[in-house]
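Line order of the protein sequences matches chains A and B. Note that this note's numbering has the first sequence beginning at 391, numbered continuously upward. Note that this note's numbering has the second sequence beginning at 65, numbered continuously upward. Cβ coordinates follow ideal geometry from the N, Cα and C atoms, glycine included.
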Amino acid sequence: MMNVPVEEKIFHAQKAVPMDKHNSSISIKVKDLNVYYSSVHALKSVTLDIQKKAVTALIGPSGCGKSTFLRTLNRMNDTLPGARIEGSVIIDGVNIYGSEINVVALRRIVGMVFQKSNPFPKTIFDNVAYGPRLQGIKNKSMLEGIVEESLKKSAIWDEVKDRLEKPALELSGGQQQRICIARALAVNPEIVLMDEPASALDPISTAKIEELIHELKKNYTIVIVTHNMQQAARVSDFTGYFYLGLLVEHGETKKIFTTPDKKETEDYITGRFG
Amino acid sequence: MTDITQELTRKNHHPAEWLIEKALFISGIASIVFISLIFLFLFKEGMLTFKSVSPLDLIGKWVYDPYDEKNIFKVMWQSVSEVPKYSIVPLVCGSFLVAFPATVISSVFGIGCGIYLSEIASARVRETLKPTLELLAGIPSVVIGFLMLAVVATFVQDLFHTKFRLNAFVGALGVSLVTFPIIVTLVEEALRAIPKELRDASYALGATKWQTIWKTVVPAAVSGISAAVLLGFGRALGETMIVLMATGNAALVTLDMFSSVRTMTANIAAEMGEVVQGSEHYYVLFLVGAILFTMTFVLNICSEVVINKMRRKLRM
C-alpha cells in the first residue's frame, strides 16, 4: 500500500486542482469521503465536485475505488454488510448521508445502470414500468406514455415498440443494457450513474451506448465508471483518476488526457501501468 | 518410431484408474438401476392382480345385499371378507384428504419461513433456525405419529368438536411437520438462486426491501417455489407411519377432512404383514403401491420441469 508521504503529496496536489467556482453548475459536491469495508479503507478522503448536465468519467485500475465511489452517490453501499461511510455527499444542498435522508427517494433522483445488464425476468414493458409502478402510478395510459418516452430517450424504441410484451431477456446484450437505461430514466432522475455500462458489450453496441450517453447529457448529470480509457476520452467532459482509494487527479477530460498535472495520471493514461 | 511419436502416443491410463472409474460409474448410476428395478417389480406384481380382479373392481363391485335383497354397487375396501372388495377409491380419497391439507399448511408456513430465512433473517438468526429445521426434519415419523395420536388428537377434538378423535386433519397436521422443513429448504434455495444483480436493480430504482422481495425476488423464484410445493405434496402422499397412527384407518369414501380415513400407504403397511403371499389380496396391495409410486414419480418429474423452466427464464 501507499506510504504516508506520497498520500500527503497526492492529497495536497488534489487540492491544488482548480475547481469550477460557479456553485449553480455543480450537481454533486463530495467532501472528505471515506469508505471502509470492515477493515479495508476503500476510499480515502475523496473531495470532488461533479458538474451538472455533463459527463464525468471515473478511471483507474481494478480495485482503485472508482466503483465504490460511484455506489456511494446513491447509497448502494448501504446494502453491503460491514460498509462504513464518513464525509459528505451534497446533492442540491442536502447531505445524502444526513440522518433524515430517505434512501428510497434519493435513488429516484440518482438512477443507476449496472455493469452486467440486469433486466428483470419480466416483459420489456414491465421492466421499464417497474420504477413508476413503485411510485404508485397505476393508470395504464400514463404508464404507456412513460415507457414510450423512456424507450425513445434510450434510443431503443424503434427496435422494441412492436414487442413490448416480450420478455426483456430475449433481447441481445446491447439492447438489454439500453432497456436498463430506459428503466433508470423512467423514474425521472436528475443524475444517472453508470458502472462500466459497456464493458460486456460488442463494439457496435458499445458505440450505441456511447452515442446515447452523449444524447443524455443534455438533460442529465452522468457519472460513468469505465475501464476503457478511450471510452472515457470519447464520452466525458470531466475525468477523475482513482488509484488505491485516492482521487489522484480530476479535471477536464481534454486536460487529463493531454497534459495531466500528476505523473501517476500520465503513467496510467499512457499505459505505462494499470 | 521417433521419440516425439512415442511420447504423443503414450497411454495415460493406469489399470487401477480404469477400475476406479468404472466403480464410480456403477455407484453413479445405482439410483437409476434401483428405481428401474423397483418400478419393474412393483408393476410386475401389481399387474398380476388382473388375473382374477377386473379393473372395474378397483372402483367398486356389485354385491348382493341380503338386507335390501338386491345387488348394490359397493365402493369400499374390504380385503378380508367373504366377498373381498378392492375399491381403491376410499384409499385415494384418504391419501388426498391427508396430503392436500398437509401441503397447504406446510406451504403457507414453509414459504413464509423460506422468505424470512433467505431475505430477512440476520446471519445469526439463520444460523440458529437452519439447524433447528434440520432437527425437525430428523424427528422419526413414528415419534410425530405418537404425538399426534396421544396429544394433538385430543386437542383437535376439543377445538373442532369432531366426531372422530383420529381423523384426516390430525394426520395432516403430523404430515405437515414432515413436509415443512422440505418446503422451507427448497424455497430458500430457490430465493437464494435469484442473482444479486436483480435485487440491486430493484433497489436502484427506489424500491424498498419489501417491494424488492414481493415484486422482484418472489416472482422470479415462483417456479422454484411451486416445485417446492409439488415435492412437499409428493412427500406427503408417501408418508406412512404418521397417517397409520393418527388418521383412524377407516377406509371411508368421504371428502370430510374431519372424518377418519385410510391412506394408500397406511393400507399397505397395515395389511401387507398378514397377507398370504401370491394371493389376490397380495397382488392388489402391490398394485396400490405401484399407483402410489406413479403419483409421486409424476409429481417429482413435474417439479423438475418447473425448476428447469425457472433456470431458463433467468438464464442461469
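Quick one: list the residues of chain A neighbouring residue i, beta-carbon separation under 7 angstroms, in chain order.
{"i": "B:TYR150", "result": "Under the 7 angstroms cutoff, chain A gives no residues; its nearest Cβ is about 49 angstroms from B:TYR150."}
{"i": "B:GLN275", "result": "LEU524"}
{"i": "B:ASP121", "result": "Correct list: empty, because the minimum Cβ distance to chain A is about 50 angstroms."}
{"i": "B:THR192", "result": "Those within 7 angstroms of B:THR192 in chain A number zero; the least Cβ separation is about 18 angstroms."}
{"i": "B:LEU262", "result": "ASN508, PHE510"}
Between which two residues does the alpha helix (DSSP H) carrying residue i extend?
{"i": "A:GLU534", "result": "530-543"}
{"i": "A:VAL518", "result": "514-524"}
{"i": "B:MET321", "result": "Where B:MET321 is concerned, there is no enclosing alpha helix (DSSP H), given that its DSSP letter is neither H nor E."}
{"i": "A:GLY662", "result": "Strictly speaking, residue 662 of chain A in this sequence is Arg, with Gly absent from that position. It is not in any alpha helix (DSSP H) - A:ARG662 carries neither H nor E in the DSSP assignment."}
{"i": "B:VAL207", "result": "205-211"}
{"i": "B:TRP82", "result": "79-111"}
{"i": "A:CYS570", "result": "563-575"}
{"i": "B:GLU198", "result": "187-202"}
{"i": "A:GLY455", "result": "Counting along the chain, A:GLY455 falls outside any alpha helix (DSSP H), and DSSP gives it neither H nor E."}
{"i": "B:LYS273", "result": "273-276"}
Listing by chain order, which chain B residues have their CB less than 9 angstroms from the CB of residue i?
{"i": "A:ARG497", "result": "TYR267, ALA268, LEU269, GLY270, ALA271"}
{"i": "A:THR458", "result": "The premise fails here: A:THR458 is roughly 14 angstroms from chain B at the closest Cβ pair, so nothing lies under 9 angstroms."}
{"i": "A:TYR520", "result": "ALA265, SER266, LEU269, ALA271, LYS279, THR280"}
How far does the beta strand (DSSP E) with residue i in it extend, from its first residue to its last?
{"i": "B:LEU181", "result": "Segment: none, B:LEU181 is in no beta strand (DSSP E) and carries neither H nor E."}
{"i": "A:ASN464", "result": "Note, A:ASN464: premise wrong, no beta strand (DSSP E); not H, not E."}
{"i": "B:TRP126", "result": "125-129"}
{"i": "A:LEU433", "result": "430-441"}
{"i": "A:LEU583", "result": "581-585"}
{"i": "A:GLY501", "result": "500-503"}
{"i": "A:ILE614", "result": "611-615"}
Please state if the CB of residue j and the CB of residue i are separated by a distance shorter than 8 angstroms.
{"i": "B:ILE416", "j": "B:ILE179", "result": "Nothing can be reported for residue 416 of chain B: it is not among the residues displayed for chain B, which extend from 65 to 380."}
{"i": "B:LEU294", "j": "B:THR280", "result": "no"}
{"i": "A:VAL494", "j": "B:THR272", "result": "yes"}
{"i": "A:ASN464", "j": "B:ALA268", "result": "yes"}
{"i": "B:MET359", "j": "B:LEU349", "result": "no"}
{"i": "A:GLN441", "j": "A:ASP592", "result": "no"}
{"i": "B:ALA381", "j": "B:PHE107", "result": "Nothing about residue 381 of chain B can be reported from this structure: the residues present for chain B run from 65 to 380 only."}
{"i": "A:VAL500", "j": "A:PRO587", "result": "no"}
{"i": "A:LEU433", "j": "A:GLY641", "result": "no"}
{"i": "A:SER544", "j": "A:ALA519", "result": "no"}
{"i": "A:ILE581", "j": "A:THR611", "result": "yes"}
{"i": "A:ALA574", "j": "A:MET502", "result": "yes"}
{"i": "B:LEU363", "j": "B:SER159", "result": "no"}
{"i": "B:GLY270", "j": "A:GLY521", "result": "yes"}
{"i": "A:ILE449", "j": "A:THR629", "result": "yes"}
{"i": "A:SER457", "j": "A:ASP585", "result": "yes"}
{"i": "A:ILE416", "j": "A:ASP439", "result": "yes"}
According to DSSP, which residues form a beta bridge with residue i?
{"i": "A:GLY630", "result": "A:LEU448, A:HIS640"}
{"i": "A:ILE599", "result": "None; A:ILE599 has no bridge partner."}
{"i": "A:LEU423", "result": "A:VAL436"}
{"i": "B:LYS134", "result": "B:ASP129"}
{"i": "A:SER478", "result": "A:LYS421"}
{"i": "B:LYS149", "result": "B:GLN142"}
{"i": "A:ASN485", "result": "A:ILE480"}
{"i": "B:VAL325", "result": "B:GLY312"}
{"i": "A:ILE416", "result": "A:GLN441"}
{"i": "A:ALA473", "result": "A:TYR427"}
{"i": "A:SER557", "result": "Note that residue 557 of chain A is Pro in the sequence shown here, rather than Ser. For A:PRO557, which the question treats as bridged, DSSP gives the partners A:THR513."}
With a threshold of 16 other CB atoms inside 10 Å of the CB of residue i, please say whether the residue is buried or exposed.
{"i": "B:ALA236", "result": "buried"}
{"i": "A:PHE632", "result": "buried"}
{"i": "B:ALA254", "result": "buried"}
{"i": "B:TRP82", "result": "exposed"}
{"i": "A:VAL364", "result": "Examination of residue 364 of chain A is not possible in this model, given that chain A is present from 391 through 664 alone."}
{"i": "A:ARG461", "result": "buried"}
{"i": "A:LYS356", "result": "Chain A is shown only over 391 to 664; residue 356 of chain A falls outside these bounds and no answer can be derived."}
{"i": "B:PHE89", "result": "exposed"}
{"i": "A:ARG568", "result": "buried"}
{"i": "A:TYR658", "result": "buried"}
{"i": "B:MET305", "result": "buried"}
{"i": "A:GLY488", "result": "exposed"}
{"i": "A:VAL550", "result": "buried"}
{"i": "A:LYS653", "result": "exposed"}
{"i": "A:ASN517", "result": "buried"}
{"i": "A:MET466", "result": "buried"}
Report the neighbours of residue i on chain B: residues whose CB is nearer than 8 angstroms to its CB, in chain order.
{"i": "A:PRO587", "result": "Chain B residues near A:PRO587: none, gap ~13 angstroms exceeds 8 angstroms."}
{"i": "A:ARG474", "result": "Neighbours of A:ARG474 on chain B: none; closest Cβ ~18 angstroms, over 8 angstroms."}
{"i": "A:GLY488", "result": "Per Cβ cutoff of 8 angstroms: no residues; A:GLY488 is ~18 angstroms from chain B at best."}
Name the chain A residues whose beta carbon is nearer than 9 angstroms to that of residue i?
{"i": "B:LEU237", "result": "Chain A residues near B:LEU237: none, gap ~36 angstroms exceeds 9 angstroms."}
List, in chain order, every chain B residue whose beta-carbon is nearer than 7 angstroms to that of residue i.
{"i": "A:ASN464", "result": "ALA268"}
{"i": "A:ARG676", "result": "Because chain A spans 391 through 664 in this model, residue 676 of chain A falls outside it and cannot be assessed."}
{"i": "A:VAL670", "result": "Here chain A comprises residues numbered 391 to 664, so residue 670 of chain A is not present and cannot be evaluated."}
Does the ligand MN have a heavy atom nearer than 7 angstroms to the CB of residue i?
{"i": "B:ASN372", "result": "The ligand MN is not part of the structure shown, which contains no ligands of any sort."}
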